[in-house]
Each structure stands twice: as structure tokens, then as C-alpha cells.
Amino acid sequence: MTVLSDSARRDADPSRRPLGDAGRIAALRELGLSQESDPAMERFAHRVRELLEVPVALVSLVTGDEQLFPGMCGLPMPWAERRATPLSHSFCQHVVTSAEPLVISDASREPLVADNLAVSELGVVAYAGFPLTDDDGYVLGSLCAIDGEPRDWTPEHLTLLEDLARDCSNEIRLRVARLDAQRDRERRDRIEAQLTTEIARSRRMLSIAESLNETRTELGVRTRLQHLVDGIEGFRLVWLHLIDDLQGEGISPAVLEAAERGALVAQDDLAEDATVAFGVQDLAALREHHADSEVRAVLCVPVTGSSGLVGVIEMLWDVPRALDEQECLMAMALGSYVGQALERAQLIERRTGVAHQLQQAMLTTLPDVPGLPMAACYVAATAEEWVGGDWYDAIVLPPTDPEHDLVVAVTVGDVIGHDIPAAAVMGQARAMLRQAAFDRPGAGPADVFTHFESACQALDVDARGTAVLAFLSRHATTGAWSMTWTSAGHPPPLLAGPDGSVRRLELSAEDQGLLFGYRDLYDGRRHDSTIEVPTGSTVLFYSDGVIELPGVDLDVQMDELGDVLAARHHEGPQAVIDAVSMQFGSGFDDVVALAVQLP
1 MTVLSDSARR DADPSRRPLG DAGRIAALRE LGLSQESDPA MERFAHRVRE
51 LLEVPVALVS LVTGDEQLFP GMCGLPMPWA ERRATPLSHS FCQHVVTSAE
101 PLVISDASRE PLVADNLAVS ELGVVAYAGF PLTDDDGYVL GSLCAIDGEP
151 RDWTPEHLTL LEDLARDCSN EIRLRVARLD AQRDRERRDR IEAQLTTEIA
201 RSRRMLSIAE SLNETRTELG VRTRLQHLVD GIEGFRLVWL HLIDDLQGEG
251 ISPAVLEAAE RGALVAQDDL AEDATVAFGV QDLAALREHH ADSEVRAVLC
301 VPVTGSSGLV GVIEMLWDVP RALDEQECLM AMALGSYVGQ ALERAQLIER
351 RTGVAHQLQQ AMLTTLPDVP GLPMAACYVA ATAEEWVGGD WYDAIVLPPT
401 DPEHDLVVAV TVGDVIGHDI PAAAVMGQAR AMLRQAAFDR PGAGPADVFT
451 HFESACQALD VDARGTAVLA FLSRHATTGA WSMTWTSAGH PPPLLAGPDG
501 SVRRLELSAE DQGLLFGYRD LYDGRRHDST IEVPTGSTVL FYSDGVIELP
551 GVDLDVQMDE LGDVLAARHH EGPQAVIDAV SMQFGSGFDD VVALAVQLP
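Numbered per UniProt numbering, the sequence shown spans residues 1 to 599.
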């Protein structure tokens, strides 16, 4: 049985509605589907086979000479591999030319398709296909179900197929709409790009100024300059020549000209027949300078600051490049921005250097105690302007106990902050804690620290942070060592025994104590802890900058520090400190460490 209206049968004549209609072919082209598998079309084909219980289902797009299957399932080889057939094997062409569904129960009995090669070569017997249309009414193909046996298609199956064809047509229309929208966006973008060229250049210069304004070192200026020019078509290399560098050998003649005249110097093409741009006075020398390279274009920009010429930016391309007036203005502005950034970087480096020198000056020299070797280090953080409140100190206290002939006070602390005021407060705190230790002979570390905090509060010294204060005491008769210490929220010291074993001198929550400078948060009392220290042991005190790194577990970092201590303690305190500063210094925070070896 063939379900096809009389009018549809008349319209099925290809001469009445040709497959090669230009508008329809253009619509197929714009759709962008082919015999390549398309996920959405594949889903429709599989849905048809599942719901209609047929062996073959196709999403067929019919061109002027073939049909393509972006969605298919069940076709035999070689058609399954080709995903296309000529029109001699197509029932779907009749759906296209008629713009009506085509339903066939037994192809051998239907004159319209009885001689179609799809019957003999593809095994098509029963066929049901519904049109796939776009928004302009063009029939682009069909969604069809195929059986290899005669079949009476039920109304329910045909309704399902019609609904699926409608959904597939909607997907096609949405796809075309998306493509049209994309083309519209591309056209709009091209127009906007043309209309906003000058605005884009202005924004570019603002971005350059802001980017260079963030730099703090000469290296930072050089790196940012490289990033700013990366991505320019044909760009090869950029050099920043400071004025002191221009006295050396191998400098480009164009660089020297730009420095001498304080003006832009450029050559848009180094080829022999090229003309001179912006007054390169010795083109032959410039060509000879670049004879062994692939450089084709040169631009040299004077870098100026408040005091005059600072240097020259040399930019090289491996393709010819002619600059327009706006690009020349941008280049001159770049030279000015770089000059300002360099002057600012030099000022910051000088200021930071002075701050670091000031901080180093406030760190005292360790006392020379016979038979008690010790060593310490302070390593500044890598951040350019960071100076911090980390400190170390060691002093020999007057003996007050006849049982002990030597008492050495050791402290490591960290005032909150990373600026010059923090360093100044650190200097006050270190001196006041030292004074408190001398003023209270015979008192323990906790008592000394409590009086230090009281003095800070009374004198309005806003010192807040962490610290550990330890008294190392030698027994006058036996020579045995003990250590009594108190902690204000500071990381625990590490003790390496004579056998190389390392343990953390951790305190209970009560004994640990809060950070200093927050007496209103606790009762003001601190606690001492005392241990006997075996002969040949090494005690390592350190600041939190040693063990606190972004993204690194604190215990892991402390274990690594312990490994360093275990590996080097037998070489003496200086070897331990050298290893700590090498492995843990120059990070995100200041690093302070102090090691004492007890003989």
C-alpha cells in the first residue's frame, strides 16, 4: 500500500519540483550537514528504529544527485561505510519532490519505486518517510523507517514517525537559526572592529600604562615589556637597552641613533630596494648589523624619564612592517611609560635595600660563648617591598643560681606585619625583651615574658606576634644542660639528639600560650616547661616563614625541616643554618632560624 495523495503523485514528477532547485540546494549548503555522522541526527535515527521496531532508519538529506545520511542505523555494507547513495537508490527523493509523506507496504507492487535499485541492492521492501523542512518551506530530505519485509504500517507508527520528523525539522531550523545568528554576529563584530579601532588603541595604551605601573623591579619592567609585545604579528624580539649599556659593543646603529637624537628611529624593510623610514642615517650599517639574522624590520624607541633619556627599546620583526601615525604615537608613549616604570623600580629597589639594611642592623651579633657554638640567619621574603618583624637574639645572663654556672637566653619571634613599621616595632620588642631578661635575675622565661608584655602595654608599644623564649642552663658540677622555655603561639623548637633523632618540643594547649600583644584575651599568665638536654644535642629555633607555605601541609613542612636538622646537626650549627636558609629561604615570608649545639 502507498499512502500518497493524487496531487502528491502529480507533484512527485521531478520536472514539477526539481531536486536541483537553487534555493533548496543553497539551504542544504547553509545547514552544514553532510554524510558525516551528526550526534543529533543519529539520535533521531536510533529513536525511529526503537519506536517503530524496524531494522533500518535514516535521516536522509537529498541533494541534486545523491542522498546523504548524517543520521543512520541498520544499513548494510558498503552503504553503512559510505553513508550516502546515488538517487538511483533513493525513495526519499519522492518525499522531497512531493513535499508529502511516502508510505509503502511492499515496494515490489508499487510502480513508483518497483524499479528503484534500493529494492534490489539495499533490500528495501517497506518504507515510510516524512518530510524534513526548514523555515522557508524547503523540503531538505526525509526521516524514514525501512523494513526488509512487507509491512502494513499502523496509524500509531505513522503518527510517531510524523512527530519525530517534526522534531527533527525543528532541530534543523534551530541549527539554521544558530548559524544565521553566528553569521550576524560575525558581520556585526567586523563592523564594530572597524568602528572602534581608535578606542581599542586608547584602551591598549591604558592597559600598558596600568601593567607597567604594577612593576616593582627592573627585571619586572623587562618581563612585562616582553609580555606586552608578545602576540604582535611577525614580532621577533624586544630589547631594553639602559643608557649605561649603550657604551658596549654590538649595539645596533639604529639604537645609537635613537639615543643620540631622542627620537623614534625605524626601518620598515631591510631589503636592498627598501626605502628609509623615520630617518635611519646609516642604512648600510644597519643592514650589515642584521646581515646574519632574519630581521626584516626595526623600531627603536627612546625611553625617557623625569631626568631625560633612560634607555632605548629595540623591537625587531622577521617580516616587513610599516608603522602608521597612530602606531608611532603609541610607540613614543610606550617609551615614556617604560621610563616612568624604570624610575619607580629604581626608587623602590633603593628604598627596599635601605629597609633591609635597617632590619639587618637591628639583628644583633650572637655572643661568643666558649664551648657553646651557635649560628643564626635572617632571609628576607622574595616580595619586593617586604621587610618584616622577624627577629632572633641570644644573650648570656648573669648567673644567679649556684647550681648553674652558665645561662644563655635565646629568643626567636615574629611581629605581625611586613613593612617598615613592623620592622621598627620588632626592634623595640627585641630590645625590651632583652632588657626584661636582665632586669629579672633568677626569673624564668614565662615571668620575663609576662613583664615584657606589661611594659609594652604600659609604654603603648603596639607589639603583637609570636615568640619563643628559652633559657639554656649548664649545671656547674656535672656540665649537664637543661632548657626551660615559654611560647607565645610560636612554632615548637626542634631537638636533635646525639644519635640524630629529632623531636618537636611541643607544648600542651595550656602551656603553649596565645600570641603576645593580646592580654585582654587571656588571664596574663604564661607557663614554663623544662627538659634535660643530652650532651651533643642541637636545638633549632625558627620563625613561621620556614614552615608555612601556600598549599603545603604544615606537618609535612615541619618533617622536612626535621630531616634537614637530622642530616646536618653533627656538622655544627652553622651547617644546619646554611641548609635551612638554602632550602627554606627566599619564599613567601621572611625566614629566621637559630641553632645551638650543647656540648
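For each residue, glycine too, the CB sits at the ideal point set by N, CA and C.
What does the alpha-carbon distance come out to for the pair residue i and residue j?
i: threonine 450; j: valine 408; result: 19 Å
i: isoleucine 577; j: serine 508; result: 28 Å
i: arginine 175; j: threonine 133; result: 12 Å
i: alanine 341; j: histidine 490; result: 40 Å
i: glutamine 226; j: cysteine 73; result: 55 Å
i: alanine 84; j: leucine 143; result: 14 Å
i: proline 441; j: proline 573; result: 28 Å
i: leucine 19; j: glutamine 93; result: 8 Å
i: threonine 477; j: glycine 536; result: 18 Å
i: histidine 569; j: leucine 406; result: 22 Å
i: proline 14; j: threonine 97; result: Bear in mind that a pLDDT of 36 at proline 14, under 50, signals an unreliable position, so the model cannot answer this.
i: leucine 316; j: glutamate 214; result: 25 Å
i: leucine 515; j: valine 556; result: 23 Å
i: phenylalanine 44; j: alanine 165; result: 8 Å
i: glutamate 110; j: leucine 158; result: 19 Å
i: arginine 321; j: glycine 250; result: 24 Å
i: histidine 404; j: alanine 575; result: 29 Å
i: serine 207; j: arginine 185; result: 26 Å
i: glycine 64; j: leucine 31; result: 15 Å
List the endpoints of the continuous beta strand (DSSP E) containing residue i.
i: tryptophan 485; result: 481-488
i: phenylalanine 452; result: From DSSP, phenylalanine 452 is part of no beta strand (DSSP E) but of the alpha helix (DSSP H) over 445-458.
i: arginine 287; result: Element bounds for arginine 287: not the beta strand (DSSP E) but the alpha helix (DSSP H), 283-289.
i: leucine 594; result: 591-598
i: leucine 68; result: 66-73
i: glutamate 532; result: 529-533
i: glutamate 214; result: Note, glutamate 214: premise wrong, no beta strand (DSSP E); not H, not E.
i: alanine 297; result: 297-305
i: serine 581; result: Serine 581 -> not in any beta strand (DSSP E); alpha helix (DSSP H) instead, spanning 573-584.
With respect to the alpha helix (DSSP H) encompassing residue i, which residues constitute its N-terminal and C-terminal limits?
i: leucine 28; result: 22-31
i: histidine 94; result: 92-98
i: phenylalanine 541; result: From DSSP, phenylalanine 541 is part of no alpha helix (DSSP H) but of the beta strand (DSSP E) over 537-542.
i: tryptophan 153; result: Unbroken run through tryptophan 153: none, as it is neither H nor E.
i: residue 601; result: No answer is possible for residue 601: the residues shown for the chain start at 1 and end at 599.
i: glutamate 257; result: 253-261
i: isoleucine 420; result: 420-439
i: valine 124; result: Taken as a continuous stretch (DSSP letters only), valine 124 belongs to no alpha helix (DSSP H), as it is neither H nor E.
For residue i and residue j, which I take to be in contact (beta-carbon distance under 8 Å), what is that distance rounded to the nearest angstrom?
i: histidine 89; j: glutamate 50; result: Actually they are not in contact, since the Cβ atoms of histidine 89 and glutamate 50 sit about 25 Å apart, beyond 8 Å.
i: serine 473; j: tryptophan 481; result: 7 Å
i: proline 150; j: alanine 126; result: 6 Å
i: aspartate 414; j: glycine 465; result: 5 Å
i: threonine 538; j: leucine 505; result: 12 Å between Cβ atoms; not a contact.
i: aspartate 268; j: alanine 297; result: 5 Å
Enumerate in chain order the residues of its own chain whose CB-to-CB distance from residue i is below 6 Å, with the five nearest sequence positions on each side excluded.
i: leucine 594; result: Ala376, Tyr392, Val412 and Phe541
i: histidine 527; result: Ala446 and Asp511
i: aspartate 244; result: none
i: threonine 154; result: none
i: glutamate 343; result: Gly305
i: alanine 258; result: Val265, Cys300, Pro302 and Val312
i: proline 599; result: Gly371
i: proline 492; result: Arg504, Leu505 and Glu506
i: glycine 517; result: Ala463 and Arg464
i: valine 448; result: Ala436, Ala437 and Arg440
i: glycine 417; result: Gly389
For the ligand SAM, is there any heavy atom lying closer than 7 Å to the beta carbon of residue i?
i: isoleucine 25; result: With respect to the ligand SAM, the structure offers nothing, as it holds no ligand at all.
Taking a contact to mean a Cβ-Cβ separation below 8 Å, would you say residue i touches residue j in this structure?
i: leucine 270; j: valine 295; result: yes
i: proline 253; j: alanine 291; result: no
i: phenylalanine 69; j: glycine 129; result: no
i: alanine 99; j: alanine 107; result: no
i: serine 529; j: valine 592; result: no
i: glycine 562; j: valine 502; result: yes
i: arginine 216; j: isoleucine 395; result: no
i: glutamine 428; j: valine 461; result: yes
i: glutamate 314; j: valine 229; result: no
i: aspartate 105; j: aspartate 136; result: The sequence shown places serine at residue 105, rather than the aspartate named in the question. It is not a contact, given that the beta carbons lie outside the stated cut-off.
i: valine 310; j: leucine 246; result: no
Check whether chain B comes within 8 Å of residue i, counting only Cβ atoms and requiring the distance to be less than that.
i: aspartate 38; result: Note that chain B does not occur in the displayed structure, where there is just one protein chain.
For residue i, which residues of its own chain have a beta-carbon under 8 Å away from its beta-carbon, when the five flanking residues on both sides are left out?
i: aspartate 520; result: none
i: alanine 579; result: Val564, Ala567 and Arg568
i: serine 581; result: Cys377, Val379, Val591 and Ala593
So, for residue i: in the same chain, excluding its five sequence neighbours on each side, which residues have a beta-carbon less than 7 Å away from its beta-carbon?
i: leucine 61; result: Leu28, Leu33, Gln67, Leu68, Pro70, Leu140 and Gly141
i: leucine 363; result: Tyr378, Trp391 and Tyr392
i: glycine 148; result: Pro55, Gly123 and Val125
i: phenylalanine 452; result: Met432, Leu433 and Ala436
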